[in-house]
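Protein chains in written order, with my numbering: chain E, 1 to 232; chain B, 233 to 520.
The block underneath contains the structure these notes are about, expressed in structure tokens.
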Amino acid sequence: MLEIENLSVSYGRNEAVRGISFAVPDASIVALVGANGAGKTSTLNAITGLVSSSGRIVSNGRVLTGLTTDNRVRLGVAQVAEGRQLFPLMSVRENLELGGYLCRAAESRQRLTVLMERFPVLAERADQFAGTLSGGEQQMVAICRALMSAPQVLLIDEPCLGLAPIIIRKVTAILRELHGTGLTILIAEQNASFAAAVADRLILLENGRIRAEGSPNEVLGQPQFRQAYLGV
Amino acid sequence: MLLDIIQTGLDGVMVGSLYAMVALGITLVFGLVGILNFAHGQSVMLGAYVCFFLVSAGHSFWVGAIVATLAMGVFGALLERAVFRRTLGDPFAGLAVSLGLIMIIENVAAAALTPDPRFMDAPVSGNFAVGPLLLSSQRSLVFVISSALILGFWLFLQYSTLGKAIRAMSQSRQGAALVGVRVDTVSRSIFAVGSALAGAAGALYASLFAVTPFMGAAPLTKGFILAALGGLGSVPGAIAAGFLLGLAESFGSRYLSASFRDGYGFIILIFALLFLPTGLFGAGKARV
Ligand SMILES: Nc1ncnc2c1ncn2[C@@H]1O[C@H](COP(=O)(O)OP(=O)(O)OP(=O)(O)O)[C@@H](O)[C@H]1O
Ligand SMILES: [Mg+2]
Numbered sequence: 001m002l003e004i005e006n007l008s009v010s011y012g013r014n015e016a017v018r019g020i021s022f023a024v025p026d027a028s029i030v031a032l033v034g035a036n037g038a039g040k041t042s043t044l045n046a047i048t049g050l051v052s053s054s055g056r057i058v059s060n061g062r063v064l065t066g067l068t069t070d071n072r073v074r075l076g077v078a079q080v081a082e083g084r085q086l087f088p089l090m091s092v093r094e095n096l097e098l099g100g101y102l103c104r105a106a107e108s109r110q111r112l113t114v115l116m117e118r119f120p121v122l123a124e125r126a127d128q129f130a131g132t133l134s135g136g137e138q139q140m141v142a143i144c145r146a147l148m149s150a151p152q153v154l155l156i157d158e159p160c161l162g163l164a165p166i167i168i169r170k171v172t173a174i175l176r177e178l179h180g181t182g183l184t185i186l187i188a189e190q191n192a193s194f195a196a197a198v199a200d201r202l203i204l205l206e207n208g209r210i211r212a213e214g215s216p217n218e219v220l221g222q223p224q225f226r227q228a229y230l231g232v
Numbered sequence: 233m234l235l236d237i238i239q240t241g242l243d244g245v246m247v248g249s250l251y252a253m254v255a256l257g258i259t260l261v262f263g264l265v266g267i268l269n270f271a272h273g274q275s276v277m278l279g280a281y282v283c284f285f286l287v288s289a290g291h292s293f294w295v296g297a298i299v300a301t302l303a304m305g306v307f308g309a310l311l312e313r314a315v316f317r318r319t320l321g322d323p324f325a326g327l328a329v330s331l332g333l334i335m336i337i338e339n340v341a342a343a344a345l346t347p348d349p350r351f352m353d354a355p356v357s358g359n360f361a362v363g364p365l366l367l368s369s370q371r372s373l374v375f376v377i378s379s380a381l382i383l384g385f386w387l388f389l390q391y392s393t394l395g396k397a398i399r400a401m402s403q404s405r406q407g408a409a410l411v412g413v414r415v416d417t418v419s420r421s422i423f424a425v426g427s428a429l430a431g432a433a434g435a436l437y438a439s440l441f442a443v444t445p446f447m448g449a450a451p452l453t454k455g456f457i458l459a460a461l462g463g464l465g466s467v468p469g470a471i472a473a474g475f476l477l478g479l480a481e482s483f484g485s486r487y488l489s490a491s492f493r494d495g496y497g498f499i500i501l502i503f504a505l506l507f508l509p510t511g512l513f514g515a516g517k518a519r520v
């Protein structure tokens, strides 16, 4: 379970996230939705400590607030960042190996084997530079790199950005499968229909505040939703 | 004639390996931290003095070189802590500060150590023959040591865990942070490593040339030309450019004009910037 209490993120005078609180229950998928600049990425980055924030962040009973990013990763939080942040001039294998940077070598080797069996495309492309993969393949590598640290909580920023519908369906299937294994997942997503299709709960952000929260049907049906997205 | 060309080529490669060592530190610090550290040449100069004084005190060249390398590693770490850590968000401040550091360090060194050139006994002397070629023993030794250091460093970057973390960081700082690399710590250690390499280069310089408080200027300007030529941030680029410059200077001064020796690098740089604006290997191909 991931619990966020009164989280705020500011960049100088610009308040990107303004005191939001929410929880991601164990083995569920929650999606943060909202228009550009709503504060989705800032929220995820605050949870892994990429940006500094105020408020309280608790994952599986451990307080993350104030810890460095590597220590948060050690406590079982992993993030697929905005723009995927692969190492483009390293092979797929090296990218994945680095995902296990904090783990023991034997553990990480074993996880790599398991992932490559589960996603054969990774094995096929193992020696190709990550930067030369298609967008969909890159997203797979990014998700798998995050899984290499065997997280309990996975944060994914815009899993479908720039992907064709057929690939989006694949990503959806992967997320569902991960969901089935008991992973706790928090997604930041602009594409509301995708978010509604994968998530158990949606949280609508607007200008750094939570405007609506609930099951996908509840949130999509609310007038705030149309207003936040379409401005009407 | 052919013999002469080979001899000139060997001379060039020897000097080039020293240049490459200095350029490595510059390009690494820039690639990872975004700072152009103009004070880098001072690590060469101070490393040369450390080696000179130890050898003068009766220690062997090897002791002098190793202590110079370690001492400059510490010096780099101190500079980072005292100065560059504070200018991280502002590349111009970093640049200005590093220029100021040159003046302070050079003048303090000139006041404390006198500007007189000093000469150190090389660990080996004389020449040896390889077939018809006559090679300087000391220059060959310098070439072997610096090539070994460059190769060792390259292997470290390719295969060690920390080396991989450094490469990862140069390709995506955020990605590296998210797999658990302590990006701040690694940036700091890069200053120490770059400065240690410069210190080692300083000890090798001292075994060939005069040691003076101002000796850091030439390796520094050349190091910057090379880092730019190789594509700032690219390790293989800096190494290749180092050897290229050594060869160009050696052939240029042998067959064109010796008095123009220090100008050839700038000519190469100008042509390179015109025709290969992203560095020898092109952008995005040959980074760290
Ligand atoms: N590094 C930064 N420096 C200054 N302001 C920032 C920075 N990152 C984000 N912001 C600002 O914070 C606000 C929220 O940005 P954030 O990236 O969290 O939004 P988002 O919901 O992820 O948007 P998008 O859907 O476009 O990715 C925006 O107003 C943005 O301009
Ligand atoms: Mg975003």
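Heads up, the beta-carbon is just placed ideally off N, CA and C, and yes, glycines get one too.
### Query
Between which two residues does the alpha helix (DSSP H) harbouring E/Thr68 extend?
Going by DSSP, E/Thr68 is part of no alpha helix (DSSP H) at all; its letter is neither H nor E.
### Query
What do you reckon, is the C-beta of E/Tyr11 under 7 Å from a heavy atom of ligand 1?
E/Tyr11: yes, Cβ under 7 Å from ligand 1.
### Message
Within the continuous beta strand (DSSP E) that includes E/Arg201, where are the two ends?
### Response
It spans Arg201 to Glu206 - the beta strand (DSSP E) in which E/Arg201 sits, taken as one unbroken run.
### Chain-ordered chain E contacts of B/Ala400 [CB-CB under 9 Å]
In chain order: Phe87, Met90, Glu94, Asn95, Leu98 and Tyr101.
### Query
Smallest Cα separation from B/Gln406: which of B/Gly241, B/Arg486 and B/Leu264?
Answer by Cα proximity: B/Leu264.
### Task
Note the first and the last residue of the continuous alpha helix (DSSP H) segment covering B/Phe360.
First-last for B/Phe360: Asn359 to Val362, but that is the beta strand (DSSP E), not the alpha helix (DSSP H).
### Query
If E/Leu204 and E/Ala228 are in contact, beta carbons under 8 Å, what's the gap, nearest whole angstrom?
Confirmed, Cβ separation roughly 6 Å.
### Query
Using the C-alpha atoms, what's the distance from B/Val356 back to B/Ala380?
Straight-line Cα distance between these residues: approximately 18 Å.
### Query
What is the rounded straight-line gap between the Cα of E/Leu155 and the Cα of B/Leu476?
Whole-angstrom Cα-Cα distance: 47 Å.
### Task
Please decide whether B/Gly462 counts as near chain E, where near means a Cβ-Cβ distance under 8 Å.
No - not a single Cβ of chain E is within 8 Å of the one on B/Gly462.
### Message
Please report the distance separating the alpha-carbon of E/Gln85 from that of B/Ala408.
### Response
C-alpha of E/Gln85 to C-alpha of B/Ala408: approximately 8 Å in a straight line.
### Task
Answer with yes or no whether the minimum CB distance from B/Ala325 to chain E is below 8 Å.
Taking 8 Å as the CB threshold, B/Ala325 stays off the interface with chain E.
### Message
For E/Thr184, report the span of its beta strand (DSSP E) as first-last.
### Response
Taken as a continuous stretch (DSSP letters only), the beta strand (DSSP E) holding E/Thr184 covers Thr184 to Glu189.
### Query
Buried or exposed: where does E/Glu206 fall if 16 or more other Cβ atoms within 10 Å of its Cβ makes it buried?
With 16 or more Cβ atoms within 10 Å of its Cβ, E/Glu206 is classed as buried.
### Query
Any residues whose CB sits closer than 7 Å to a heavy atom of ligand 2? List them in chain order?
Those residues that bring their Cβ nearer than 7 Å to a heavy atom of ligand 2 are E/Lys40, E/Thr41, E/Glu82, E/Asp157, E/Glu158 and E/Ala188.
### Query
Relative to ligand 1, is the shortest distance from any of its heavy atoms to the C-beta of E/Gly37 smaller than 7 Å?
At least one heavy atom of ligand 1 lies closer than 7 Å to the C-beta of E/Gly37.
### Task
Would you tell me roughly how many angstroms separate the C-alpha atoms of B/Gly516 and E/Ala212, rounded to the nearest one?
Here B/Gly516 scores only 47 on pLDDT, less than 50, and its place in the model should not be relied on; the value that follows carries that caveat. The alpha-carbon atoms of B/Gly516 and E/Ala212 are separated by roughly 43 Å.
### Query
DSSP state of B/Tyr437, grouped into three classes?
Reduced to three states, the DSSP call for B/Tyr437 is helix.
### Message
Taking its Cβ as the centre, do 16 or more other Cβ atoms sit within 10 Å of B/Ala518, making it buried, or is it exposed?
### Response
In this predicted model, B/Ala518 has a pLDDT of only 45, less than 50, meaning its place in the structure is not dependable enough to derive any value.
### Amino acids of chain B, ordered along the chain, whose beta-carbon sits closer than 9 Å to that of E/Ala233
Past the edges of chain E, shown from 1 to 232, lies residue 233 of chain E, and the structure says nothing about it.
### Task
For E/Asn235, I'd like the list of residues in its chain whose CB is within less than 7 Å of its CB, leaving aside the five on either flank, ordered along the chain.
Since the first and last residues shown for chain E are 1 and 232, residue 235 of chain E lies out of range.
### Task
Go ahead and label E/Ala16 buried or exposed: buried means 16 or more other beta carbons lie within 10 angstroms of its beta carbon, across all protein chains shown.
E/Ala16 is buried by the Cβ-count criterion.
#### Entry: Proximity winner among E/Ser8, E/Val73, E/Val219 and E/Gln224, relative to E/Ser21 (alpha-carbon distances)
Looking only at E/Ser8, E/Val73, E/Val219 and E/Gln224, the smallest Cα-Cα distance to E/Ser21 is reached by E/Ser8.
### Query
Does the beta carbon of E/Arg56 sit closer than 8 Å to a beta carbon anywhere in chain B?
By this cut-off, E/Arg56 is not an interface position.
### Query
Roughly how many whole angstroms lie between the Cα atoms of E/Glu234 and E/Pro25?
No answer is possible for residue 234 of chain E: the residues shown for chain E start at 1 and end at 232.
### Task
For E/Asn6, name the three-state secondary structure that DSSP assigns.
Strand, per DSSP.
### Message
Just to confirm the assignment, what range does the alpha helix (DSSP H) spanning E/Arg118 have?
### Response
Boundaries of the alpha helix (DSSP H) harbouring E/Arg118: Ala105 to Arg118, taken from the DSSP string.
### Task
Note down, in chain order, each residue of its chain lying with its Cβ closer than 6 Å to the Cβ of E/Arg209, except the 5 sequence neighbours on either side.
Cβ contact annotation for E/Arg209 (same chain, cutoff 6 Å, sequence separation greater than five): Arg18, in chain order.
### Task
Return the residue from the list B/Leu242, B/Ser427, B/Ile238 and B/Phe507 that minimises the CA-CA distance to B/Arg371.
By alpha-carbon distance to B/Arg371, the top candidate from B/Leu242, B/Ser427, B/Ile238 and B/Phe507 is B/Leu242.
### Query
Three-state secondary structure (DSSP) at E/Arg13?
For E/Arg13, the secondary structure class from DSSP, reduced to helix, strand or coil, is coil.
### Message
Can you check whether the C-beta of E/Arg145 is within less than 8 Å of a C-beta belonging to chain B?
### Response
Closer than 8 Å to the CB of E/Arg145 there is at least one CB belonging to chain B.
### Query
In whole angstroms, what is the alpha-carbon distance linking B/Leu488 and B/Val245?
B/Leu488 and B/Val245 have their C-alpha atoms some 18 Å from each other.
### Task
Could you check what DSSP says for E/Leu75 in three-state terms: helix, strand or coil?
Reduced to three states, the DSSP call for E/Leu75 is coil.
### Residues that E/Phe129 bridges to, as DSSP identifies them
The partner list for E/Phe129 (beta bridge, DSSP) reads E/Ser91.
### Query
Nearest chain B C-beta to E/Leu50 closer than 8 Å, yes or no?
So yes, E/Leu50 belongs to the interface.
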